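Heads up: the sequence shown runs through residues 56 to 872, numbered per my numbering. For every residue, glycine included, the Cβ atom is placed at its ideal position computed from N, Cα and C. Keep in mind that this is a model prediction, so the values were computed, not measured.
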Amino acid sequence: MPSDTVFHHRSKLKQQNKPFKSRHATKGQLKTKTKGKVDKVAASVKNKHKLSSSKADRRNQAKVLQQKKRHDIVTSSRLFSGAHGCPKIVAVVPLCPDVDSHAVVKDLYASVGQEYVAETVSTLFVERFKQKVQFVATRRHLLDILDAVKVADFVVFVVSAEVEVDGFGELCLTTIKAQGVPSTLSVVQHLEKIASKKQVDIRKSLISYMEHHFPEDAKLFHTAVEAEALSALRFLTQQRPKPIVWRDRHAYMLGERVEFEANEEGEDMGTLQVTGYVRGNNLSANRLIHLPNHGDFQIKMIVSCPVAFDTKDNTMATDARILETPEPELQESLVTENEPDPMDGEQTWPTAEELREADERIEGMGGPASSDAGTVTSRKKTKRVPKGTSSYQAAWIVDEDDDLEDEEEEEEDEDGDVAMGDAGDMMGEPVDWASMNLGHGAGSTEIEHEDDEEYEDVDVEEREIAYEEELDEDEENRQYKEYLDKQKQEREDLEFPDEVDTPQEVPARTRFQRYRGLKSFRTSAWDPYENLPIDYSRIFQFHNFKRTKRRVLDSLDEAGVSPGTFVTVHLQNVPRAAYDEHNSKTTRPFVLFSLLPHEQKYSTLNFVVTRNAEYTEPVKSKDPMLLHCGFRRYVVQPLYSTNTRGGTNNVHKFERFLQPGRSAVATVYAPIQFGPAPVLMFKYDESGLAWDDVSAPPFIGHGSIIDLDPCRIVAKRIILTGHPFKVHKRGAVIRYMFWNPQDINYFKPVQLVTKLGRVGHIRESLGTHGYMKCIFDGPLKGQDTVCMYLYKRVFPKWTTRLYVEDGDAKDSMKMDE
Numbered sequence: 056m057p058s059d060t061v062f063h064h065r066s067k068l069k070q071q072n073k074p075f076k077s078r079h080a081t082k083g084q085l086k087t088k089t090k091g092k093v094d095k096v097a098a099s100v101k102n103k104h105k106l107s108s109s110k111a112d113r114r115n116q117a118k119v120l121q122q123k124k125r126h127d128i129v130t131s132s133r134l135f136s137g138a139h140g141c142p143k144i145v146a147v148v149p150l151c152p153d154v155d156s157h158a159v160v161k162d163l164y165a166s167v168g169q170e171y172v173a174e175t176v177s178t179l180f181v182e183r184f185k186q187k188v189q190f191v192a193t194r195r196h197l198l199d200i201l202d203a204v205k206v207a208d209f210v211v212f213v214v215s216a217e218v219e220v221d222g223f224g225e226l227c228l229t230t231i232k233a234q235g236v237p238s239t240l241s242v243v244q245h246l247e248k249i250a251s252k253k254q255v256d257i258r259k260s261l262i263s264y265m266e267h268h269f270p271e272d273a274k275l276f277h278t279a280v281e282a283e284a285l286s287a288l289r290f291l292t293q294q295r296p297k298p299i300v301w302r303d304r305h306a307y308m309l310g311e312r313v314e315f316e317a318n319e320e321g322e323d324m325g326t327l328q329v330t331g332y333v334r335g336n337n338l339s340a341n342r343l344i345h346l347p348n349h350g351d352f353q354i355k356m357i358v359s360c361p362v363a364f365d366t367k368d369n370t371m372a373t374d375a376r377i378l379e380t381p382e383p384e385l386q387e388s389l390v391t392e393n394e395p396d397p398m399d400g401e402q403t404w405p406t407a408e409e410l411r412e413a414d415e416r417i418e419g420m421g422g423p424a425s426s427d428a429g430t431v432t433s434r435k436k437t438k439r440v441p442k443g444t445s446s447y448q449a450a451w452i453v454d455e456d457d458d459l460e461d462e463e464e465e466e467e468d469e470d471g472d473v474a475m476g477d478a479g480d481m482m483g484e485p486v487d488w489a490s491m492n493l494g495h496g497a498g499s500t501e502i503e504h505e506d507d508e509e510y511e512d513v514d515v516e517e518r519e520i521a522y523e524e525e526l527d528e529d530e531e532n533r534q535y536k537e538y539l540d541k542q543k544q545e546r547e548d549l550e551f552p553d554e555v556d557t558p559q560e561v562p563a564r565t566r567f568q569r570y571r572g573l574k575s576f577r578t579s580a581w582d583p584y585e586n587l588p589i590d591y592s593r594i595f596q597f598h599n600f601k602r603t604k605r606r607v608l609d610s611l612d613e614a615g616v617s618p619g620t621f622v623t624v625h626l627q628n629v630p631r632a633a634y635d636e637h638n639s640k641t642t643r644p645f646v647l648f649s650l651l652p653h654e655q656k657y658s659t660l661n662f663v664v665t666r667n668a669e670y671t672e673p674v675k676s677k678d679p680m681l682l683h684c685g686f687r688r689y690v691v692q693p694l695y696s697t698n699t700r701g702g703t704n705n706v707h708k709f710e711r712f713l714q715p716g717r718s719a720v721a722t723v724y725a726p727i728q729f730g731p732a733p734v735l736m737f738k739y740d741e742s743g744l745a746w747d748d749v750s751a752p753p754f755i756g757h758g759s760i761i762d763l764d765p766c767r768i769v770a771k772r773i774i775l776t777g778h779p780f781k782v783h784k785r786g787a788v789i790r791y792m793f794w795n796p797q798d799i800n801y802f803k804p805v806q807l808v809t810k811l812g813r814v815g816h817i818r819e820s821l822g823t824h825g826y827m828k829c830i831f832d833g834p835l836k837g838q839d840t841v842c843m844y845l846y847k848r849v850f851p852k853w854t855t856r857l858y859v860e861d862g863d864a865k866d867s868m869k870m871d872e
């Protein structure tokens, strides 16, 4: 009889428990994790309505923003509109060797039936569009092009239908984009010489090329055709220029007429009268004026200039009157740096007992001095000992082989000015570093020693001969060897960064006495005012830079002559050379810029720079560079450091080379400039620079200003390496890092790390040949490398000077004292 029992099989043959979703955390671990935290109070429905704006508020906010944009557009358009408006500046830049910028301007003149007289700056009144256009026809000279683009509202790039854009044209495009470019358009020449079937393809090719550089403004015109020339002129008059933030913060002017009136005292100095339209921001008589290639000058007065416009109705003229004169108590001074007082500071002299203790420590009779565990600092007392007063100082003068001498010379070159003592607290805004407590101990003697080794006396004639084509065999071999050495150093810095060999002839405690160990590179304390060089007494520092910058920028529109006014600016105490240069170099536009408050004073300028990918030679730290910073040009020797945010101690690692593919921060002594502002770097040649299309200087890189921070610590890192000799669990015997037990005891507090991630410290010295017993946080592998990181603060060199083109070689290479 069949059974009525129904059998049921389970769908799952394996028990599956509820998953535990706390990521393997126990209740105790969760309690510890949330200890000290306060629960977030949920917002009520009533509070949510208060936090979120209503639809009407959002609509009203959008309406206000729309009205503001319309007001800005109308204001900027009103500046150029009408027969009496300010002319738009159009820079005509030739990119190919067979094009002519004056021919383009002539075609644009002919399109409206006017005759063109070839000159650098010419003004065209387009009666059809009720506007004026001011053309700046440049030659193939990089400085002329950059100066013209700095003040231009539009840039017209001239290309050829027969010849491709050469290397100089590519350099112009790269530097103009890095500097900041307004609205652009392109003009093609020699298109009529090409067969009709190929003209369309050539146009497409040229438009594609310009779209690669300027995707938003890829417009191409053939001005030899009257209709296209008129279309290009319509674009220039009807288009609203794009603003350039860093330029529009300053008042600037393109000089249409320049006159000189000599002083009664002599013919070399006088009053320079520059006539033109005020552009950018308001021009105040209390501000300083910067003339490229000449420097900063004070304004004597601003006078309204009689203007005349040729229209079909009549000629309009306005009487000259004084618009502004400087107020003596508010006018900016020409003081650029503080005058350091050598006697302003505590002059300490070590006692005989202190000198004896220093000698004992050096000889290994005492333990090393350390401010805290894991940190080795240089002894201030022994560093202040003058040269020749003890055997400690005598240890600096050692007979070494050539390799060690080269290494020490490199160390001294990277150090810049040696530290001169401790600095006190900073007061005021900006801070006068001359009032800081800068000592003059052993550092002063070291400066003389380093300067003698670092600089050599070479006549200008010999340097000029060195750059001629015909070189003798010895000189050519020397340059080739120097080039190979620099290439080798760059490769070693890229493969084994900061690793150095401990010298056997000199004790490590003497060779690296100015270095210190840091337990944490980001958080270990480092006083930014200790051991400052004497150059820091010459610079200024803001107590709160961001607040000062905000206050300066908010006060720009308060007073001064408004933009669009045709005025004559009288600059006092200007050398006659500025006027003579303008008359001799008629191909270069004469421009001037107004400085903001404090922008004539020197400080430490930090800017981020990216290396040009097309430049392949090594770029070493402190190599001389020509720096284009905004509207100013200087010869500097930048100090490179990592472009990182930095920790709480504001310490950044020093970079020996500007490596390709990554950005770095360059630090120089330079006049203050409120960023953002573009930065261009060119390789500087001591024998002089040529800026034409044949021998333009190499373009190194570009970037922008980030801050002005004298407290930014640039720390040079060296890595001493050792090899495991014997390994037993967590212990190991390390060799080849030091060569005597005194050095091991001196650097004993410094932490050790390995390339495979182990951390340890020195236990004791073994024997007399530099073997040492170390302990680590885990087993050490035999193929691992033990490293010791040491740091030393380095400073830039005070070699910043204004770049003067075609100046005397001796004067151009003279350093600021």
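Is the beta carbon of residue j closer than 8 Å to that of residue i?
i: Asp839; j: Leu811; result: yes
i: Val243; j: Ala216; result: yes
i: Thr239; j: Phe209; result: yes
i: Phe686; j: Ile761; result: no
i: Val148; j: Phe190; result: no
i: Arg772; j: Tyr844; result: yes
i: Leu694; j: Pro851; result: yes
i: Ser718; j: Thr665; result: yes
i: Tyr634; j: Tyr858; result: no
i: Val723; j: Leu660; result: yes
i: Ala192; j: His245; result: no
i: Thr178; j: Lys185; result: no
i: Phe793; j: Gly825; result: yes
i: Ala770; j: Phe831; result: no
i: Thr776; j: Cys684; result: no
i: Ile774; j: Ile799; result: no
i: Gln655; j: Leu389; result: yes
i: Val214; j: Leu261; result: yes
i: Met265; j: Ser241; result: yes
Buried or exposed, going by whether 16 or more other CB atoms sit within 10 Å of the CB of residue i?
i: Thr292; result: buried
i: Asp609; result: exposed
i: Gly321; result: exposed
i: Ile377; result: exposed
i: Phe135; result: buried
i: Val440; result: Only weak support exists for where Val440 lies, its pLDDT of 43 falling under 50; the coordinates are left without a value.
i: Cys829; result: buried
i: Arg606; result: exposed
i: Pro383; result: exposed
i: Asp199; result: buried
i: Ser339; result: buried
i: Asp454; result: Low per-residue confidence applies at Asp454: pLDDT is 37, beneath 50, and the placement is therefore not dependable enough to give any value.
i: Glu91; result: A quick correction: the sequence has Gly, not Glu, at residue 91. With fewer than 16 other Cβ atoms within 10 Å, it is exposed.
Is residue i helix, strand or coil by DSSP?
i: Arg606; result: helix
i: Pro395; result: coil
i: Ser433; result: With a pLDDT of only 38 at Ser433, under 50, the local geometry of the prediction cannot be trusted, and no value is derived from it.
i: Gly812; result: coil
i: Gly222; result: helix
i: Asp458; result: Caution is warranted here: a pLDDT of 45 is assigned to Asp458, below 50, making its placement in the model unreliable, and no coordinate value can be reported.
i: Tyr584; result: coil
i: Lys852; result: coil
Assuming residue i contacts residue j (C-beta within less than 8 Å), just tell me the rounded distance between them.
i: Val329; j: Leu647; result: 6 Å
i: Tyr657; j: Ala614; result: Not really, about 27 Å apart at Cβ, beyond 8 Å.
i: Phe352; j: Leu626; result: 5 Å
Regarding residue i and the ligand PLP, is the C-beta to nearest heavy atom distance less than 7 Å?
i: His196; result: The model on display carries no ligand, and the ligand PLP is accordingly not part of it.
Could you tell me whether the Cβ of residue i comes closer than 8 Å to any Cβ of chain B?
i: Gly140; result: Given the protein chain composition of this structure (a single chain), no chain B is represented.
To test your reading of the DSSP string, which unbroken alpha helix (DSSP H) runs of 4 or more residues are found completely within the stretch 158-186? none
Runs of alpha helix (DSSP H) wholly within the stretch 732-816 (minimum 4 residues, chain order): 796-801
What are the start and end residues of each continuous beta strand (DSSP E) run of 3 or more residues lying completely inside the stretch 676-721, in chain order? 680-684, 687-691, 694-697, 706-708
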